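S.K.:
Residue numbers (the numbering used here): 87 to 257.
#1: Three-state secondary structure (DSSP) at residue 107?
#2: Output the residue ranges of the alpha helix (DSSP H) runs that lie fully inside the segment 160-212 and measure 4 residues or longer, sorted by chain position.
#3: Return yes when the Cβ of residue 116 is within less than 8 Å of the Cβ of residue 141, no when it is not.
#4: Throw me the rounded Cβ distance for the residue 218 and residue 183 pair, which I believe falls under 8 Å.
#5: Tell me, please, which residues DSSP counts as bridged to residue 101.
#6: Please classify residue 213: is it buried, with 16 or more other beta-carbons within 10 angstroms of its beta-carbon, or exposed?
#7: Buried or exposed: where does residue 201 fall if 16 or more other Cβ atoms within 10 Å of its Cβ makes it buried?
#8: Out of 120, 167, 144, point me to the one whose CA is closest to residue 236's CA.
#9: State yes or no: is the C-beta of residue 151 within less than 8 Å of the C-beta of residue 124?
#10: Quick check on this structure: which residue in 173, 194, 133 has the alpha carbon closest to the alpha carbon of residue 223?
#11: For residue 131, name the three-state secondary structure that DSSP assigns.
#12: Leaving out five residues before and five after residue 143 in sequence, what residues of the same chain have Cβ atoms less than 6 Å from its Cβ?
#13: Exposed or buried, which one is residue 156 when buried takes at least 16 other CB atoms within 10 Å?
#14: Determine the DSSP secondary structure at residue 137, reduced to helix, strand or coil.
#15: Verify the contact flag: residue 117, CB atom, against every heavy atom of the ligand COA, threshold strictly below 7 Å.
Dropping the structure here:
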């Protein structure tokens, strides 16, 4: 049985250092992510599709567009299962980013010094750590919004108390 008297503006439903409600924070993140991914689709049309990585980038961009659109719809329709898709996508993205960063540094550890000067792994490390921290922040906001939407969906259902009168026998 859910608590019908939930405080929708409790501090556990705040994000960005108690500046925004998680619903609005997740909507802002979803809108900015959708805008960014839709703009990046324009840039993907100029790629040379002879390599596997460009196809992978295109597939991940299309998946991200659907995931963030589902997040936006899930918040408006109060459907927590739509938010779960975004959480899984972010967890996959964080794991993939960590794996690729470790793989990059294992490969650069056994290469020549000229290649290291050309690639500049310190820039890649700063970029990947910054991206990982951004993913963790977004995951935290969306997880708080997921808990909020789940509790809101449970409290919006009409809950009728069960009666034990039909179980009482007069014999």
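From the three backbone atoms N, C-alpha and C, an ideal C-beta is built for every residue, glycine too. A quick note: this is a predicted structure, and the numbers were derived from the prediction, not measured.
M.R.: With the given structure in hand:
#1: strand
#2: 166-195, 199-205
#3: no
#4: About 6 Å separates the two Cβ atoms, so the contact holds.
#5: 106
#6: exposed
#7: exposed
#8: Distance check between residue 236 and each of 120, 167, 144 places 167 closest, using alpha-carbon atoms only.
#9: yes
#10: 173
#11: coil
#12: none
#13: Under this definition residue 156 is a buried residue.
#14: Coil at residue 137, not helix or strand.
#15: Among the components modelled here there is no ligand, and therefore nothing to report on the ligand COA.
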